[in-house]
Amino acid sequence: MRYDTRMFRQLLRLKKRQVIVLWLLVLVFVLPFILFFHAGALSPSHGPGGAAGEIFGRKIPWDVFQEESRLLRMELQARFGSIPVGLEEALRQQTWERLILKEEARRTQRVSDEEVAAAVRRHPQFQQGDRFLPELYFQFTRALGITPQAFEARVRDELRTAKLLEQVVAEVVVSEEELRRAYAQRHERIRVAFVVITPTDFESAIRSAVTDEEARAYFAKQAEAFRRPAQRTIDYVGMTAEDALATTGGVPDEDMQRHYELYQEEFTRDDGTVRPLEEARVDILNRLVLKRAQARLTDLALDLGADQRDGLTFEAMASKRELAPKTVGPLAQGAPELPDGLTASMLEAAFAVPVGQMTEVLEHPSGVFVLRPTDEQPSTIPAFDGIKAALIARMVLERSREQARARAEQLRASFVTKRSEGLTFDETCATLGVAPQRSDPLTRHDPLGPLGVVPHVTDGLFALEPGQLSEISEGPQGDAMIAVVEERIPFDETQFEEAREAFRATRLEAKRQEHVAAWLATLRDQARLKTFPEIPPD
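Residues in the sequence shown are numbered consecutively from 34, following my numbering.
Written out as structure tokens, the structure is:
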């Protein structure tokens, strides 16, 4: 049976664009609270048996740190895919965060054997049809590479941590006054009259006035701003996820039958009834093909890693695995367009090794690769003639923004004078020959005219009383605005009453997160973390 790869290609392209953003979100928002919501490179100079560091005055053995790091990595990879190279240090820090949290929970919380057993039995990974199956439990621990006793010790740690965090957040409440204030922050609106001075209005005159002598003088002062980063030419071998998918063979009927029997509850209609095998066949086929493609990439990563450990050269490794080496570049770090599923983190890895040396095996949802930089062009400052146009464009941008700001300052001084004489905002605009604009009622999160969404600008406007003239506000493109709040529109009391409990729950959750973050920061200070380079060798 043929299978359609278009869906997978679209998914892979989407993952390629989103994975770094996703991982940054994970580091910023998920990791600090992963135990709370789940509740449910250090130098290896000490080696196995040494101390990785110290928390609360107690040394943490290297193997304990490594095991915690390994399990954290497995948990995150299972949820989000491969870990970009540039985030390794953050993951090491998060390993220490978890160890600190677990140590505090171990010191302050008690969990019975019965609670551990109940948590294991409730885990959906070990259930089938709401029934706990011991064989699933043992399969899982074997796949994880730990004994059931070690897994249950980890469950005990998780339960202790959950109890600790429940205590931490138990004191968090949202008062009625705070609830109304938070709701007003989100739903109160204002109506604004404003004038905007735009830098583009000055660009033409400024550009025509720039002389060659001025441009050269500017270049002499700002040459470093035009420095071009080092670039590397890079050879690479590997396999993209799309290639792995496209070259995966067919799936035998018996494999499809077996998969259906194991997971038929996942193939349901909208009314909840299970679809028969023939109706679910295409979905099963696509799922198994994707699984086999992922397995091919995993096998390739293991093979390439073994080749590197065996000391094979780049060319020998490519020949042994029947991979055609390719070349890309010269490229600078952060290059926006990369071929074949290569990612920014892979390019970063290729800049982290000496020219001529291979990277480690790099895994990503987009593919598996080994890179080798072959040549480097050093960072240079180009000659004046080569960047004259870009340099003048920069001068024009800076000077036009300066003139927009200066014009706005003149206008605001005139507004103050005219308003002291009793003129309204519109009358003052007419006198000064500028056209006022008016906004629709807007919240703190809505765009304001050509400035767009600029939180510090809207926050400043909400701090004004109706009729009060604002200071000059600047948007990201240099637009300078002078405004007056004409009307403040309170939130709708009826809508507030309807949304009260749902909004209270949302606000309570946000406040709990803020409280846990502050508590964790204090706990980190109390732990007095030392990584082993600061500790004398054992």
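In this text, a Cβ means the ideal position worked out from N, Cα and C, and glycines have one as well.
F259 versus P509: straight-line alpha-carbon distance, rounded: Taking the straight line from one Cα to the other gives about 21 Å.
Q.
Distance check for F227 and E396, CA to CA, integer angstroms please.
A. If you draw a straight line from the Cα of E396 to the Cα of F227, it comes to about 52 Å.
If you count every other CB in all the chains shown that lies within 10 Å of the CB of F41, and 16 or more means buried, which is it?
For F41, the predicted model reports a pLDDT of 40, less than 50, meaning its position is unreliable; a value from the coordinates is still stated below. Looking at its Cβ environment, which holds 16 or more other Cβ atoms inside 10 Å, F41 is buried.
- Task: Could you tell me whether any non-hydrogen atom of the ligand ATP is closer than 8 Å to the CB of Q366?
- Result: What this structure holds is no ligand at all, so the ligand ATP is not there to describe.
* Please work out which residues of its chain come closer than 8 Å, Cβ to Cβ, to G90, disregarding the five sequence neighbours upstream and downstream, and give them in chain order. => Only R561 meet the Cβ criterion.
Self-check item: Cβ-based burial, G374 [other Cβ within 10 Å; buried from 16]
Solution: Result: buried.
- Quick one: residues in its chain with C-beta nearer than 7 Å to the C-beta of H292, no 5 flanking neighbours on either side, listed in chain order? The beta carbon of H292 sits closer than 7 Å to the beta carbons of I317 and L321 from its chain, once the five residues preceding and following it are set aside; these are given in chain order.
- In angstroms, rounded to a whole number, what distance separates the CA positions of F448 and E211? Going by the C-alpha atoms only, they are around 37 Å apart.
Exercise for review: Jot down the residue ranges of each uninterrupted alpha helix (DSSP H) in the stretch 292-342, minimum 4 residues, whole runs only, in chain order.
Suggested key: Runs found: 310-342.
Between T392, P262 and S506, which has its C-alpha nearest T407's C-alpha?
Nearest option by C-alpha distance: T392.
Exercise. Taking the alpha carbon of A274 as the point to measure from, which residue in T331, E542 and P474 has its own alpha carbon closest?
Worked result: Ranking the options by Cα distance to A274, first place goes to T331.
Practice problem: Indicate whether the contact test is met: 3 or more Cβ pairs, each with one atom in the stretch 259-272 and one in the stretch 407-418, closer than 8 Å. | Solution: The stretch 259-272, when compared against the stretch 407-418, does touch it at the 8 Å Cβ threshold.
Pick out whichever of A513, D304, P523 and V144 has its Cα sitting closest to the Cα of S433.
Closest option to S433, Cα to Cα, is A513.
- Message: Suppose you measure from the CA of L109 to the CA of Q126; what does that come to, to the nearest Å?
- Response: About 14 Å.
**Study point:** Burial state of Y296 (16 or more Cβ within 10 Å)
**Key:** Residue burial is scored here from C-beta neighbours: Y296 has fewer than 16 other C-beta atoms within 10 angstroms and is therefore classed as exposed.
Check your understanding: Tell me the DSSP bridge mates of Q470?
Key -> F227, per the DSSP bridge assignment.
Could you check where the alpha helix (DSSP H) with P488 kicks off and where it finishes?
Where P488 is concerned, the enclosing alpha helix (DSSP H) stretches over P488 to F495.
- Query: So is K135 buried or exposed if we call it buried at 16+ other beta carbons inside 10 Å?
  - Reply: Here K135 is buried. Its C-beta has 16 or more other C-beta atoms within 10 Å.
For K359, the residue or residues it bridges with in DSSP: Note: K359 sits in a beta bridge opposite Y269.
How is the beta strand (DSSP E) around R438 delimited, first residue to last?
-> Where R438 is concerned, there is no enclosing beta strand (DSSP E), although the alpha helix (DSSP H) it sits in stretches over F417 to S453.
- Item | Terminal residues of the beta strand (DSSP E) in which H397 lies | Unbroken beta strand (DSSP E) run through H397: L395 to H397.
* Backbone secondary structure at M391 - three-state DSSP -> Looking at M391 - three-state DSSP - the assignment turns out to be coil, as it is neither helix nor strand.
inquiry  = On the criterion of 16 or more Cβ atoms from any shown chain inside 10 Å, does R193 qualify as buried, or is it exposed?
reply    = Buried is the call here.
query: Taking just the CA atoms, how far does G86 sit from L553?
result: Going from the Cα of L553 to the Cα of G86 covers about 19 Å.
Checklist entry - In whole angstroms, what is the alpha-carbon distance linking A198 and P181? => result Note that residue 198 is Leu in the sequence shown, not Ala. Using only the alpha carbons, I get a separation of about 25 Å.
V202 and V549 closer than 9 Å at C-beta | For V202 and V549, yes; Cβs fall inside 9 Å.
Nearest neighbour of L444, chosen from L502, V487 and P387 [CA to CA]: A check of alpha carbon separations from L444 across L502, V487 and P387 identifies L502 as the nearest.
Neighbourhood of H156 by C-beta distance below 7 Å, restricted to the same chain and skipping five residues each side: No residues qualify anywhere along the chain.
query: Span of the alpha helix (DSSP H) holding I29?
result: In the structure displayed, the chain extends from 34 to 571; residue 29 sits before or after that span and is not available.
- Task: Kindly identify the DSSP beta-bridge partner or partners of D408.
- Result: When DSSP reads this structure, D408 sits in a beta bridge with T266.
Rounded C-alpha distance that separates V518 from T491
If I take the Cα positions, the gap works out to 11 Å.
Point to revise | Other residues of its chain near F62: CB distance less than 6 Å, five sequence neighbours each side excluded | key: Caution applies to F62, whose pLDDT of 35 falls short of 50 and renders its modelled position unreliable; the value that the coordinates give is listed next. Closer than 6 Å at the Cβ level, and outside the excluded window around F62, lies no residue.
Using the three-state DSSP reduction, which class does A84 fall into: helix, strand or coil?
Looking at A84 - three-state DSSP - the assignment turns out to be strand.
Original post:
From the DSSP output, which residues share a beta bridge with M514?
Top reply: Answer is V229 and S506, bridged to M514.
Exercise for review: Can you have a look at R398 and say buried or exposed, based on whether 16 or more other CB atoms are within 10 angstroms of its CB?
Suggested key: The question names Arg, but residue 398 in the sequence shown is Pro. That one is buried.
Considering only the alpha carbon of each residue, which of E504, V315, Q160 and G500 lies closest to H489? Closest option to H489, Cα to Cα, is E504.
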